[in-house]
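Before any comments, here is the structure.
Chains as they are written, first to last, in our numbering: chain A, 1 to 345; chain B, 346 to 690; chain C, 691 to 1035; chain D, 1036 to 1380.
This is the structure in structure tokens:
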């Protein structure tokens, strides 16, 4: 018998990606998907890739029924308002929004500029990045989503932090380039195709909210994220600049990166001497859950450039969420996430 | 025990897509992939999406070993030179090239401007479009590939032809818009990104070779294909203009299109009154095997516009080939072809 | 002393392009640009390319002052409401909207689905395409704009119609592919970058309003426009399919197309045997006022494919409008329109 | 009487852009453009935007005749081989290649990995960036071109260096994102549209040759350039990360950036609180010679992010070269460079 699941907020891009994954997941059965603005419409009218794959229609959120697992894919701020209700509906909850990613209410307030509505729940959630919290996730009831940019940054730093190779006295700069799907299905003033095509637009030099997740998860304090929009729909690339400790060599880095790839089914090291794809590139990751990592070290001064490419809607959102689900349920971690990505695309 | 398969010509885009599908196919085991220019390299160095999914290296074509099924994915003209050798290696052959698509040697010569090297083999091949030859494919040993543009055109016309709705005294114009992957991994003079980006380039007004496949398969004589390159990597859209017989109504067309969708697991009808995706669009088909069909009829004059969107590397090449494989082997037709496509992308 | 000009509706894409052209025009002085939603803002805050070129701010339309020439660049329906007032402000008016393009009120109502608010003014306007109405424009006080798609279609047909080469008993199909700027600065539901990128989307099979301008200006009755959105910001390509009279040869067509290029400074014939740019392509026309024409004739059946590429905001809107201005003022036709376009781009 | 000019190496992208500018320049007359591979072809067959603007054909380099000014736009390494010959042909030479950008032969060898063929000429050239060498250029006979990425980096740093605001003990990281035209008309393995579209590809983490020009011109030693290819044809954005001296405020930076804009006709400051274009974006610079600068300062730690957007073929190559020409000839600096750029595009 299949595990039942419903999605609250199914008409956005994160919700659509979750639907795609869960409809194809061999052990899940999707019961409901809610959307205030599309009640009664077929989900394939909003997510046209799902045509002929489901006859599900969007429900009103007020009509949610109990299920085994509830995914929340609403705009930020909603989940914290309704978490008590949701907890009545399902023993396991995975929330893709930013509401339960940070462990500390004061830290949340600092970065989000508002008091958290359910601070007592912050401690009940596990941060939903399996590469960082695999063991805890196996026992978790409540799991947060991850910020897509935070994930690109965190995974870029992961091998260096884990192997303790970083000189933490130097500040860390993470340059992140992102596609347009990050702005969501509503978009913003600059999301119109005629304005958004062909851009290289640094829209945030410092202070992006996802920085908080890098600080919390990597244990670094001096870190900044610089965000640049480029012409692409899906995909994010983090180029992290840091210093390694004196004496650290390229060989040490190879060891650390290979270990990350060995320990994590969705981490790959991309560092080739020839060919077109010598370094990570989100181009080939659309729809896949891989995080591709690469690096370069200037041994003369310890400057390391660590690169991470992801699909922001997969490893940066719905893909990691389903990976967490698999861990929570005790299933194979890669279940339903086998799609390899396309080349060319 | 799995069915063994090798791919001759595995480094091109068609070969890469086949590898992606066959490596994930639950009943297939890939033994070899050949490439003259990449012997000894890992296939993931050429097809970066396959990293961590296979440790296969490209072989020299001279080292091919016997297998259950042989896929040929070489440039046009190769398969007809070596078909006798290949037939020694495998009881079942699927050739993606243009070499065995046409049934008649004179017709081949007319469209390809050269004598066919193995005319006696033309009659042994079944044209590899399941929507047209499902029953024959189940019994076939040798199956041809399909032209991607021909497939877009043929499937646009299929419901109309099958339901005998067309006024065949009027000529048929098929306007096809295509992405850059059609030019192949070698490309041509105009394939450089700086020259190919942002184009709307009608590169062939008449006489495209794929026209021959439309004539042969649809039984129409007055038909022309006009080819326009647009800025996209994967995808083709055919907009076919034709006349229906007097008295044919929109209702008749709905019936014909719905029948096509009911009879064919990878055919969908896309014709909505609202929403963004009201008509077929290859944008959402990357990696999927669907052919999305739509139509509009001007009842005042019988002008019908029939639209078909496909991923040229999937339904227009490797996807149809694997669908044929499934039919030849007596397996579920959709096996290994379940990927839904992405939204947004 | 310079000729004074103001622009009503200066914050849209057409208005912005007019501003760019008029600010650089050696004989014009821009007095005002209006915008209801941007009153008081610098025009360069909306049209960032104008930064450091003008310190003009948007005015409220109620504050318009008399000028020599008034350009109207409002959404359709506005100009016909206010034409009497505008005529008090300037002796010469050029309206880019659809309001005064059609000569006949009933024909307007048929295509626009509403009664015209100022039918008595329809006869006072000259249709603003210099390639069709050069002599009349020299004497005109009131000039309409042109539909961008109509212009691509009209110029594709121009050489054939003018040289009387068409078999008018056969219907004419014009397939038009367009960039996203056609949807305007407000866009529509499908204009979000994540939805609009990578599309090949046939959004209108028949009945596009610009068809009316082709019927009126070309004197053809059996003509349809099929509109397909592709991934590009600026540019439109018309591929017109028609029949030539019996006996018409490729040589006859060369003569007709060369004549069109000789008579019109912004018409070029693009028909090469080699190179990358063998046929018209809007890619290289961004910002230029050229209409590039090409053709292919199948002498076996008289099927002619005539192609026209334009920048929809230039030759299809603001560029033609400034060209009309030059003619109305008795100036060199190409004044202020010398930009060649870019390669590559 | 016009000043005569010829272009050596006119078939590449830099040469094409020069041709576009010089053909439209009111005081220049183009005599010859050379190309080894296109001898006898019309220049508009290679640069299709020049159709109907010139009947010039490409000459063989051996047939160059004396002129007032000679532009060299060849691949790197050619100019240094032939500089003595070229100096016989023209009293003024502007070389777009990398051959004469560096003042020191040893420094050249360090970065280019080869001995310079004409080291005695290095001292005769002025570095061709008017924003840095305006006075010297007025008296120069020989002027080098500029590296496009170096120019983006140098102009990003210019206001900070000139106003002595930088803490030079901290290293400077310059993240540069570039379009595909940087790879030139020949491209490289990764330049095929199907491989180059949709990329975010960090192809060089350190050691890019243009770093040498930043070191030389800015007088900084600890500086690195990280290069990332994104999906765009024309354009480069530099995001420079540095530290300001203790106590430096945002107000100080405003003063420095405004000074740069006041002193330089092609420098603009883009730093808005609202609207879509709040920061520099090369999207709107195609064809224009502007360098748009912006900045953000984190006053808490002195981290400054300085941004510069350019069109790599204009301000980063041909545009700066023509600007140098104007200065060398004593003409208005902006002559022939008035194009404003387009919006939208």
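Ideal placement from N, C-alpha and C gives every residue a C-beta, glycine not left out.
First and last residue of the uninterrupted beta strand (DSSP E) at residue i
i, result
"residue 1063 of chain D", "1063-1069"
"residue 1280 of chain D", "No beta strand (DSSP E) holds residue 1280 of chain D; DSSP gives it neither H nor E."
"residue 1238 of chain D", "1235-1239"
"residue 693 of chain C", "693-698"
"residue 572 of chain B", "568-575"
"residue 1213 of chain D", "1207-1213"
"residue 492 of chain B", "Careful: residue 492 of chain B lies outside any beta strand (DSSP E) and carries neither H nor E."
"residue 957 of chain C", "957-959"
"residue 122 of chain A", "Taken as a continuous stretch (DSSP letters only), residue 122 of chain A belongs to no beta strand (DSSP E), being part of the alpha helix (DSSP H) at 119-122."
"residue 1130 of chain D", "1127-1130"
Own chain partners of residue i with C-beta closer than 8 Å, once the 5 adjacent residues on each side are dropped
i, result
"residue 580 of chain B", "523, 524, 627, 628, 630, 631, 654, 655, 656 and 657"
"residue 1027 of chain D", "Since the first residue of chain D shown is 1036 and the last is 1380, residue 1027 of chain D is not available in this structure."
"residue 21 of chain A", "318, 319, 322, 336 and 337"
Proximity test, Cβ basis, 9 Å: residue i and chain D
i, result
"residue 790 of chain C", "no"
"residue 821 of chain C", "no"
"residue 22 of chain A", "no"
"residue 525 of chain B", "yes"
"residue 278 of chain A", "yes"
"residue 1018 of chain C", "no"
Host alpha helix (DSSP H) of residue i (start-end)
i, result
"residue 303 of chain A", "It is not in any alpha helix (DSSP H) - residue 303 of chain A instead sits in the beta strand (DSSP E) that spans 303-310."
"residue 1010 of chain C", "1009-1019"
"residue 428 of chain B", "423-434"
"residue 452 of chain B", "450-457"
"residue 762 of chain C", "Here residue 762 of chain C belongs to no alpha helix (DSSP H); instead the beta strand (DSSP E) covers 759-762."
"residue 1332 of chain D", "Here residue 1332 of chain D belongs to no alpha helix (DSSP H); instead the beta strand (DSSP E) covers 1326-1333."
"residue 560 of chain B", "556-563"
"residue 733 of chain C", "733-736"
"residue 481 of chain B", "475-484"
Cutoff 7 Å; reference residue i; Cβ partners in own chain excluding five residues on either side
i, result
"residue 556 of chain B", "568, 569 and 570"
"residue 751 of chain C", "698, 724 and 726"
"residue 905 of chain C", "911 and 913"
"residue 785 of chain C", "762, 769, 834 and 835"
CB-CB length for residue i against residue j, believed under 8 Å
i, j, result
"residue 1011 of chain C", "residue 835 of chain C", "6 Å"
"residue 1032 of chain D", "residue 1050 of chain D", "Absent from the model: residue 1032 of chain D. The displayed extent of chain D is 1036 to 1380, so no value can be given."
"residue 923 of chain C", "residue 188 of chain A", "Not really, about 18 Å apart at Cβ, beyond 8 Å."
"residue 194 of chain A", "residue 1379 of chain D", "4 Å"
C-beta neighbour in chain C for residue i, strict 9 Å
i, result
"residue 413 of chain B", "no"
"residue 14 of chain A", "no"
Min CB distance residue i to chain B below 9 Å
i, result
"residue 1068 of chain D", "no"
"residue 1074 of chain D", "no"
"residue 1131 of chain D", "no"
Residues near residue i in its chain [Cβ-Cβ closer than 6 Å; skip 5 each side]
i, result
"residue 1206 of chain D", "1257"
"residue 599 of chain B", "none"
"residue 773 of chain C", "808 and 811"
"residue 1161 of chain D", "1168, 1171, 1172, 1175 and 1178"
Short CB-CB distance (under 9 Å) between residue i and chain A
i, result
"residue 900 of chain C", "no"
Segment contact, 8 Å Cβ cut-off, at least three pairs: the stretch 175-185 of chain A with the stretch 227-245 of chain A: yes
Cβ contact (3+ pairs, closer than 8 Å) linking the stretch 479-486 of chain B and the stretch 672-680 of chain B: yes
Indicate whether the contact test is met: 3 or more Cβ pairs, each with one atom in the stretch 498-505 of chain B and one in the stretch 577-594 of chain B, closer than 8 Å. yes
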